[in-house]
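In our numbering, the protein residues as written are 13 to 540.
Here you go:
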């Protein structure tokens, strides 16, 4: 039948004969259900999804709109959206609520202006929904108990998803309950798995328990070749055997499951888990006693997951805080794993991290110094200078030598990396041997101001720079070169470089930029 949408005079012709039955329009529908907000028990006409959202709100969280019988009351917004997506024109929506409904309420919290520095700490392990209460363990574990007092309210999390809770009477128990591991666990371990702390004891059955790695090992190696020790005695041991790779203060531990005699005093050890770090040839490997006297064992209080560097024990023993000891998880099992005991601490940074790093990310202490070189002597003339290394030096670059107590710049004409030692040929000869022997690569300079957050900076000289180089801009900004755009030109090859992250502080034109020589400090343990 005709549809009249506005007041007017209409003429409708009605046929005199019988009419066929007409289909009913499907462009108008009525909905009754639960919504986020809106008028209660009053039908409201809506003609689009946007109009529905303005009147009644958005999608409803399923857990919050499920009753005690398991029935869900959260799907009305989905039905309205589907109606309009499939060509619907008009919907009359009536919001209803259960009879036993109560207005929502929330306690508001504000920062106490009298607290200049409110106490703050972090959770040491993830807290699952519903945990933390005395009747629903495990408890929350914080890095520091300072400022955590029974009866106080604490905020857990940040922003709109933060939760506020009151600490129960007796709800703060200070004292260590975890063992810190020097390397993350390889696999998941269930609660009650025995964890044993043993003293570091070289294997007494060997005349010489100390070996050396024969070849350089990349990270993730699961076999090593060693020599220079009591190989005959080693082959006679009952496997698996516990080995220590590296010096005791920075060592990585593993179980060797079998040994193969390669002859000449060399033995290949197959490991139960791959080594996490790379090791150079000559690194010390010590065979240890996995069952020495004085071992202390305690069960895991909760699940320990692969990748964790903390494991909770109950009861806890002081032996698990002894950095000189080694921890073996499931020592009597078929696939135990061993780790050194680490030190849980915070690492303050002069500048915050540039990127997000997940828990378990590995860090190493490094030395980062200006990429200077060392003068070794003259070649066939005093214009040909022998250096300890010439990587990053190209023709056209300027090197600074100290001759007769005066710093003098010399331009490089040629580089011979194949010579032993490698040499550079200078455009003009040195008058005498430099003293001291340090040779400096002249610093680059910014040719324009760089704002905080900038990733592209303009330099007066890009000679010798390459993607992956680490540079220091000014006194404190350190960055990796991610890209060098454009065509590389002749000396001095002025242009832009792209950094791996934005600058934290603005830098002025003429700020010096130095290439750095970065080396891992093998005497320091890995950080996780």
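Backbone N, C-alpha and C define an ideal beta-carbon position, used for all residues, glycine too. From a predicted model like this one, the values you see are computed outputs, not experimental measurements.
*Reduced DSSP category for residue 369 - H, G, I as helix; E, B as strand; rest coil*: As a working note, residue 369 is residue 357 in the chain shown. The answer is coil: DSSP assigns residue 369 none of H, G, I, E or B.
Using the Cβ count rule (16 or more neighbours within 10 Å means buried), how would you classify residue 54?
Working through the chain shown from its first residue, we reach residue 54 at position 42. Exposed, by the Cβ-count rule.
Is there contact here, the segment 327–343 with the segment 176–183, by at least three beta-carbon pairs under 8 Å?
-> no
Burial state of residue 134, where buried means 16 or more other Cβ atoms lie within 10 Å:
Here residue 134 refers to the residue found at position 122 when the chain shown is read from its first residue. With fewer than 16 other Cβ atoms within 10 Å, it is exposed.
Among 540, 108, 383, nearest to residue 354 - alpha-carbon criterion = As a first step, residue 354 must be located in the chain shown, where it is residue number 342. Nearest C-alpha to residue 354: 540.
Entirely within the segment 256–280 and at least 3 residues each: give me those beta strand (DSSP E) ranges in chain order.
264–275
Residues near residue 52 by beta carbon distance below 7 Å, same chain, minus five either side: The count along the chain shown starts at 1 and reaches residue 52 at position 40. Excluding positions up to five away in sequence, the list reads 107, 109.
*asked:* To the nearest angstrom, how far is the alpha carbon of residue 167 from that of residue 175?
replied: Your numbering for residue 167 matches position 155 in the chain shown. Your numbering for residue 175 matches position 163 in the chain shown. One C-alpha to the other measures close to 6 Å.
List, from N- to C-terminal side, the beta strand (DSSP E) runs of 3 residues or more that fit wholly inside the segment 293–370. 296–300, 308–311, 322–324, 337–341, 349–352
Open item on the list: Which complete beta strand (DSSP E) runs does the segment 392–468 hold, if anything under 3 residues is left out?
Closed with: 396–399, 410–415, 418–428, 435–438, 450–453
query = Who are the Cβ neighbours of residue 324 in its own chain at under 6 Å, not counting the five residues just before and after it?
reply = Translated into positions along the chain shown, residue 324 becomes position 312. Only 189, 190, 313, 314 meet the Cβ criterion.
With DSSP as the reference, please indicate the residues paired to residue 106 in a beta bridge. In the chain shown, the residue the question calls residue 106 occupies position 94. Per DSSP, 44.
| message | Assuming residue 89 is part of the alpha helix (DSSP H), what are its boundary residues? | response | Against the chain shown, residue 89 aligns to sequence position 77. Its alpha helix (DSSP H) spans residues 88–97.
Cβ pair residue 437, residue 426 closer than 8 Å: Sequence index remark: in the chain shown, residue 437 carries index 425 (1-based). Sequence index remark: in the chain shown, residue 426 carries index 414 (1-based). Closer than 8 Å, so yes.
- Task: Compute the distance between the beta-carbons of residue 255 and residue 298, then report whether it is under 8 Å.
- Result: To locate residue 255, count along the chain shown from 1; it is residue 243. To locate residue 298, count along the chain shown from 1; it is residue 286. Yes. Within cutoff.
Are residue 474 and residue 412 touching if we call contact CB-CB under 8 Å?
-> For the purposes of this step, residue 474 is taken as the residue at position 462 of the chain shown. For the purposes of this step, residue 412 is taken as the residue at position 400 of the chain shown. Cβ atoms of residue 474 and residue 412: not closer than 8 Å.
### Message
I need the straight-line Cα distance from residue 561 to residue 147, nearest angstrom please.
### Response
No answer is possible for residue 561: the residues shown for the chain start at 13 and end at 540.
Considering residue 165, what are the terminal residues of the beta strand (DSSP E) in which it resides? Sequence index remark: in the chain shown, residue 165 carries index 153 (1-based). Note, residue 165: beta strand (DSSP E), 165–168.
Subject >> Terminal residues of the alpha helix (DSSP H) in which residue 176 lies >> reply: Within the chain shown, numbered from 1, the residue matching residue 176 stands at position 164. Where residue 176 is concerned, there is no enclosing alpha helix (DSSP H), although the beta strand (DSSP E) it sits in stretches over 175–178.
* Asked: How about residue 198 and residue 345: are their beta carbons less than 8 Å apart?
  -> In the chain shown, counting from the first residue as 1, residue 198 sits at position 186. In the chain shown, counting from the first residue as 1, residue 345 sits at position 333. It is not a contact, given that the beta carbons lie outside the stated cut-off.
How many whole angstroms separate the CB atoms of residue 398 and residue 301, which I take to be in contact at a CB cut-off of 8 Å? As a working note, residue 398 is residue 386 in the chain shown. As a working note, residue 301 is residue 289 in the chain shown. Actually they are not in contact, since the Cβ atoms of residue 398 and residue 301 sit about 51 Å apart, beyond 8 Å.
Rounded to the nearest angstrom, how far is the Cβ of residue 283 from that of residue 268, given a contact under 8 Å? The residue given as residue 283 occupies position 271 in the chain shown. The residue given as residue 268 occupies position 256 in the chain shown. Between residue 268 and residue 283 the Cβ distance is about 6 Å, and since that is below 8 Å, they are a contact.
When the Cα of residue 295 is compared with those of 23, 263, 306, 366, which residue comes out closest?
The count along the chain shown starts at 1 and reaches residue 295 at position 283. It is 263 whose Cα lies nearest to the Cα of residue 295.
Exercise. Go ahead and pull the three-state DSSP assignment for residue 64.
Key: Working through the chain shown from its first residue, we reach residue 64 at position 52. Note: residue 64 maps to helix in three-state DSSP.
Check your understanding: Rounded to whole angstroms, how far is the Cβ of residue 281 from the Cβ of residue 233, which I believe are closer than 8 Å?
Key -> As a working mapping, residue 281 is identified with position 269 in the chain shown. As a working mapping, residue 233 is identified with position 221 in the chain shown. 10 Å between Cβ atoms; not a contact.
### Query
residue 136 lies in the alpha helix (DSSP H); which residues open and close that run?
As a first step, residue 136 must be located in the chain shown, where it is residue number 124. Segment: none, residue 136 is in no alpha helix (DSSP H) and carries neither H nor E.
Review point. Looking at residue 86 and residue 77, is the spacing between their C-beta atoms short of 8 Å?
Key: The count along the chain shown starts at 1 and reaches residue 77 at position 65. The count along the chain shown starts at 1 and reaches residue 86 at position 74. Contact: yes.
key: Three-state class that DSSP yields for residue 375 in the structure shown   = What you label residue 375 is simply residue 363 of the chain shown in a count that begins at 1. Reduced to three states, the DSSP call for residue 375 is strand.
Distance check for residue 433 and residue 439, CA to CA, integer angstroms please. Looking up residue 439 in the chain shown gives position 427. Looking up residue 433 in the chain shown gives position 421. Rounded to whole angstroms, residue 439 to residue 433 spans 20 Å at the Cα level.
Next item on the list: Return the chain-ordered ranges of every beta strand (DSSP E) run that is complete within the segment 206–253 and spans a minimum of 3 residues.
Entry: 206–211, 222–225, 235–239
- Task: Kindly list the residues whose CB is nearer than 6 Å to the CB of residue 220, restricted to its own chain and excluding five residues on each side of it in sequence; keep chain order.
- Result: Along the chain shown, read from residue 1 onward, the residue named residue 220 stands at position 208. 241, 242.
With distance defined between alpha-carbon atoms, name the residue in 25, 525, 477, 89 nearest to residue 408.
Position 396 of the chain shown holds residue 408. Per the Cα distances, 477.
message: Short of 6 Å in beta carbon distance, which residues of its chain neighbour residue 423, apart from the five on each side in sequence? Order them along the chain.
response: Translated into the one-based positions of the chain shown, residue 423 becomes position 411. If we look at residue 423 and ignore the five residues flanking it on each side, its Cβ neighbours are 410, 439.
*Nearest to residue 249 (by Cα), restricted to the options 271, 229, 103*: By 1-based counting over the chain shown, the position of residue 249 is 237. Closest option to residue 249, Cα to Cα, is 271.
query = Should residue 456 be labelled buried (16 or more other beta-carbon atoms within 10 Å of its own) or exposed?
reply = For the purposes of this step, residue 456 is taken as the residue at position 444 of the chain shown. When all chains shown are included, residue 456 counts as buried.
Checklist entry - My guess is that residue 194 and residue 351 are in contact by the Cβ rule of under 8 Å, so how many angstroms apart are they, rounded? => result Position 182 of the chain shown, counting from 1, holds the residue named residue 194. Position 339 of the chain shown, counting from 1, holds the residue named residue 351. Indeed they touch by this definition, with Cβ atoms about 6 Å apart.
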